Amino acid sequence: MATAVLTTLDPKSRAASRGMSDLAIRNLFIIPTILFLIIFNIFPLLYSLGYSFTDFRASGTGQTNFVGLQNYRTLLNDPFIWNNFAITAKYVIVSVVGQVLVGFGTAMLLNRSIPFKGLLTTLLLLPMMLSMAVVGLFWKLLYDPSFGIINYALGLGTFEWLSNPSMALYAVAITDIWMWSPFVMLLSLAGLSAVPKHLYEAAAIDRAGPFYTFFRITLPLVAPILMIAIIFRTMEAFKTFDLAYVLTSQPTTELISIRLYKMAFQEWQTGLSCAFAYIVLIMVLAITNIYVKYLNKVKER
Amino acid sequence: MAAVTTSTERTLNKLAIAGVLIVTLIFLAPIYWIASTAFKPRNLSTTIPPTVVFTPEVSPFVKLFTKRSQLRSPPTPEEYAAAPWWERMVFDGGEKVVRDGKGNVQWSGYPSRFMNSLIVATISTILAVGMGTLTAYGFSRFKVKGEGDLLFFILSTRMLPPVVVAIPMFLMYRTFGLNDTHIGLIILYTAFNLSFSVWLMKGFMDEIPKEYEEAALVDGYTRMQAFFKVVLPEAATGIAATAVFCFITAWNEYAFALIMTNRRAQTAPPFIPSQVGSGLPDWTVIAAGTLLFLLPVAIFTFLLRNHLLRGVTFGAIRK
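As they're listed, the protein sequences go chains C and E.
For the first sequence, this note's numbering begins at 101 and goes up steadily by one.
For the second sequence, this note's numbering begins at 3 and goes up steadily by one.
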C-alpha cells in the first residue's frame, strides 16, 4: 500500500541531478513512518480482528474455537453493554456541555482588555496539560466527604460524591470539566479574536442589543472553531478511561473503556473483548472522520 | 466597541476582570492544594476544617523516596539522636526507614518509576519527532498520491482508544517478551506520538518558504543538504514545540503503562494511584509525588504558551 502510492513524482518538481533524487528522498522520509504505523497499529488490529471471531482466552490453556459472529451477537444483545453505552453517552453530554459553557464563558470574559491577560490565560490552561490519572487521583481528596475542600467550600457537610452511585459519574465529569474547559477556552479565544472588529462597530451604530450582537455576530463566526472543540472533546470523553478508573469503581461509572479493560484484562475474555474493541473502533473512526472534515474546512479559510 | 467607552462598558470590563480572577482562582485551587499538601505534616493533611496556614516541612518528600515500615516501639533516645535529620522525620511519623543488612537506606518505588517515565518519554519523543519531521517534510514538499487519505490514516492511529490497541499489543508483546520492558513502552508511545508529530510538523514545514531550499539547490546543495542545512534550522522552533508536546503526552500516559508494565518498566502514572490503595492513604506523600511529577509539565506549559493552540488542534489552527 505504502509503496504503490509513492511511485509517481510531480513532473513539475525539480528532479535534482545531484545526490539522491527527490523521489528517493520522499520515499525515504515517508515510508518508514507508514511502515512503523502499519506494523505497530494496523497489524495488531488485524490480529485482534482474527481473535474477535474466536472464543480465545489469553489466560487459559484451553482450546480456541472459531465461533464466527457469535461474539458480536452476544455483545449487541447484552443489556449490560448497552448500559455501558448509556453511561458513556450521559458522561459525554454532561462533560462536553459543561466544558463548552465554562470554556466559552471564560473566553468571552477574557476577550476584553484584561490586565495580565497572557499570564492569566497560561495559568488557566495549566489543568489540561496535566496527567489525568495522577492529578485526577488527587480529586479523591478534594471530594472526600469529611475532609475534602469541596464540601467545605460549598458548605455541603459530609455530602458523598464518589461513593454515591448516583453522584459518582457527575463527580468524574466535574473533574473532567476542570481539566478540559481550558481546551474549549483556548479554541474559543482564537475564534473570538478573529471576529472582525468593524462588525461590532456597525452593530453599535445600528444600536443592536448585546443579545442580538452575540447571537447574530459572535456566535455564528465562532461556531466552526467551537465545533472543532466540541467534536474533539466528544471523542476524547467517549474514550475516557484514566479519570473514571482512578477516581471510582462504582458500577454507575463503568464507561465503555473501563468495561473493555475489565473484559480483556481482568475477566480475560480475549476473543469477546476483541469484538467489543472493534465495535468501539468503528465508532471512533466515524467521529474522527467528521473531525478531520471540520479541521480541513476551518483550515481552508 | 473600541472607540465607544461608555460607563456601562467600563463597568462590564470591571465585571469581566473580576470574573476572570474568580475563574482562575477556582481553576488553580486543586493545583494549589496539591502543592500545599506536599509540605504538610501528615496529621494536618486531613483536618476539618482544611488546614491552610501551617509550617511547611519536607517530611512528605523524605517519605516519598524511602521505604518505610511501621514502628512497633518508639526509638530509643540513642537511636533517635544518632539518626540524621531526615530519618528523625520518619520516626516522628511513627515509622522507621527500612535498611538492608549493610545499613543502606532502601529506596521506595518512586525514584525508579520517575526514572522510567523519564527514559520512556525522552526516547519515544526523540523517535517520534525525528521520524515525524522527515515525514512532514515529505508531505509538505513532494506530491504524494492519496495524500489526504494517508494523512487521515496517520491521524486515525492516534485517535484509537488505548485499551483497543492494547489488547492485541499485549498478546504480541507476550509472545516476544516485551511486556514490562522499556522498549515495549517506547514503541507504543512512539507510534502514538508519531501521527501527532507528522501533523504538527507538516504545519510548521508548510510555513517555511520553498524558495529557501530552491536557492540552496541553485547554489549547488543536494536536496538532502538543503534539508539539513536550510530547512531544519528554520524548523527548529516547530521541532522544539512538537517535542515538548510529545514528551508531555508520553509523560502523562496512563492506560498503556497500566496494561503493559507492572514493575521493572512501570512509569509514574500507574504507580502513584496504586499507592492510594485501601484504608487511609498518606495524602502528603501522594501530593509530594504528584507535585514532582507535574512540575516538568508546568514548566513546559509555560515555555509552550504560544504554541498551545497549534498543538491541541494538530496544527490545524495556527495563529
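In this text, a Cβ means the ideal position worked out from N, Cα and C, and glycines have one as well.
Everything numeric in this text was worked out from a predicted model, so none of it was measured.
In the assembly as shown, Leu297 (chain E) is an exposed residue. Its beta-carbon has fewer than 16 other beta-carbons within 10 Å. In this structure, DSSP gives Glu97 (chain E) an extended state, which the three-state scheme calls strand. Taking all protein chains in view, the Cβ of Thr8 (chain E) is surrounded by fewer than 16 other Cβ atoms within 10 Å, so the residue is classified as exposed. By the rule that beta-carbons nearer than 8 Å mark a contact, Ala300 (chain E) touches chain C. Checking the DSSP bridge columns, you'll see Ser119 (chain E) has no partner listed. From the beta-carbon of Gly119 (chain C), the residues of chain E found nearer than 8 Å are Thr224, Arg225, Met226 and Gln227. Of all residues in the region 106 to 122 of chain E, none has a C-beta nearer than 8 Å to a C-beta of chain C.
Residue state for Val107 (chain E) is assigned as strand, using DSSP reduced to three classes. Boundaries of the beta strand (DSSP E) around Arg70 (chain E): Arg70 to Gln72. Between the region 137 to 147 of chain E and the region 246 to 266 of chain E there are fewer than three inter-stretch CB-CB distances shorter than 8 Å, so the stretches are not counted as touching.
By the 16-neighbour rule on beta-carbons within 10 angstroms, Tyr378 (chain C) is buried. Thr39 (chain E) and Ala289 (chain E) do touch by the CB rule: their CB atoms are close to 4 Å apart, below 8 Å. Just so you know, the alpha carbons of Phe178 (chain E) and Phe143 (chain C) end up roughly 15 Å apart. Taking all protein chains shown into account, Ile274 (chain C) has 16 or more neighbouring C-beta atoms within 10 Å of its C-beta and is therefore buried. For Trp35 (chain E), the residues of chain C that pass the 7 Å Cβ criterion are Leu242 and Ile249, in the order they occur in the chain. Cβ atoms of Ala207 (chain C) and Met285 (chain C) come within 8 Å of each other, at about 5 Å.
Put simply, the backbone Cα of Asp122 (chain C) is about 13 Å away from that of Ser142 (chain E). Bridge pairing for Phe259 (chain C): absent [DSSP].
Burial state of Gly105 (chain E) is exposed, judged by a 10 Å Cβ sphere holding fewer than 16 other Cβ atoms.
For Ile328 (chain C), the neighbours in chain E by C-beta distance under 8 Å run, in chain order, Thr315, Ala318 and Ile319.
With three or more CB-CB distances shorter than 8 Å, the region 235 to 251 of chain C counts as touching the region 335 to 353 of chain C. Nearest to Thr292 (chain E) by alpha-carbon distance, out of C:Lys297, C:Pro179, C:Tyr361 and C:Ser231, is C:Ser231.
Contact annotation for Tyr147 (chain C) against chain E: Pro170, Leu173 and Met174 [CB-CB distance below 8 Å, chain order].
Among the residues facing chain E, Thr154 (chain C) is not included, as its CB has no counterpart in that chain under 8 Å away. As a beta-bridge residue in DSSP terms, Thr154 (chain C) pairs with C:Phe166.
Straight-line spacing of the CA atoms in Leu17 (chain E) and His309 (chain E) works out to 29 Å. Between the region 196 to 204 of chain E and the region 233 to 243 of chain E there are three or more C-beta pairs closer than 8 Å, enough to call the two in contact. Taking a Cβ-Cβ threshold of 8 Å, none of the residues of chain E is close to Arg333 (chain C); the smallest such distance is about 11 Å. Contacts with chain E (Cβ-Cβ distance below 8 Å) from the region 129 to 146 of chain C involve Phe129, Ile130, Pro132, Thr133, Ile134, Phe136, Leu137, Phe140, Asn141, Ile142, Pro144 and Leu145, listed in chain order. By a beta-carbon distance limit of 8 Å, Ile250 (chain E) does not contact Ser197 (chain E). Their separation comes to about 16 Å.
In the DSSP assignment, His298 (chain C) falls within the alpha helix (DSSP H) that extends over Lys297 to Ile305.
Asp208 (chain E) and Thr224 (chain E) have their C-alpha atoms some 20 Å from each other. By the Cβ criterion, the region 176 to 196 of chain C is in contact with the region 349 to 367 of chain C, since at least three pairs of Cβ atoms, one from each stretch, lie closer than 8 Å.
Comparing C-alpha distances from Thr57 (chain E) to each of E:Tyr82, E:Ile33 and E:Phe41 shows the shortest one belongs to E:Phe41. Counting every other CB atom within 10 Å of its CB across the protein chains shown gives Glu215 (chain E) a total of 16 or more, marking it as buried. Taking 8 Å as the threshold, the shortest C-beta distance from Pro51 (chain E) to chain C falls below it.
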